[in-house]
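In what follows, a structure is listed as structure tokens, so that the remarks can point back to it.
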Amino acid sequence: MPVANIHVLAGHPRPVLKQLLREASATFARVIEAPPDRLQVWITEVDPELYAIAGEPADEVLQHTPRAQAEIPLIRMALMEGRPVEMLHRVMAEMSAVVARNLGGDPQRVRVQIDHVNADRWAIGGVPASVARAAELATRRAAA
């Protein structure tokens, strides 16, 4: 269920964005202790003409300000409720560092939002996660 959407200004080279996807996915899975095949990470590119920086269109700002000093990437994550706050703080810090390192920016410019999702309000194949997870745990116990 864990998902992360990284919002950036359009214009980064594709190989950079692909590497960002790889590193962000690995970091996300490791820090929240989730199997990599259970999470998704994607990048949303925003048109610089439709993005304001200090009230000015980003395409105009980028004509006189380096991208790394202008862009403010946003990471939005959706996670099931119940993870320890220390884990949430760690994933915010590490994902910010990954984004900044890959895009050549400052981690202080990266913003992170975590949305908690109640297991009864998230479905997997139409089945509430609260039900799907209970069945999965029972299967694991039976196999042990």
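All residue numbers for the sequence shown refer to full-length UniProt numbering, where the first residue is 1 and numbers rise by one. Backbone N, C-alpha and C fix where the C-beta goes; we use that ideal spot for every residue, glycine too. Fair warning: this is a prediction, and the values are worked out from it, not measured in the lab.
#1: Between the C-alpha atoms of residue 44 and residue 7, what's the straight-line distance to the nearest angstrom?
#2: Compare the Cα-Cα distances from residue 102 to each of 116, 120, 68 and 84 and report the closest residue.
#3: Three-state secondary structure (DSSP) at residue 1?
#4: I need the DSSP call for residue 70, collapsed to helix, strand or coil.
#5: Run through DSSP, which three-state label would residue 84 get?
#6: Indicate whether residue 117 and residue 79 have their beta-carbon atoms separated by less than 8 Å.
#7: Could you pull out every residue in the same chain whose Cβ sits closer than 6 Å to the Cβ of residue 132, ignoring the five residues on either side in sequence?
#8: Select from 95, 81 and 58 the residue whose C-alpha is nearest the C-alpha of residue 5.
#9: Could you give the distance in angstroms between the alpha-carbon of residue 107 and the alpha-carbon of residue 73?
#10: Is it true that the CB of residue 46 sits closer than 8 Å to the CB of residue 24?
#11: To the nearest whole angstrom, what separates the beta carbons of residue 3 and residue 77, a pair I think is in contact under 8 Å?
#12: Assuming residue 128 contacts residue 115 under a Cβ cut-off of 8 Å, what Cβ separation, rounded to an integer in Å, is found between them?
#13: With DSSP as the reference, please indicate the residues paired to residue 44 in a beta bridge.
With the structure as the only source:
#1: 5 Å
#2: 68
#3: coil
#4: helix
#5: coil
#6: yes
#7: 124
#8: 95
#9: 9 Å
#10: no
#11: 7 Å
#12: Rounded, the Cβ-Cβ distance is 17 Å, inconsistent with contact.
#13: 7
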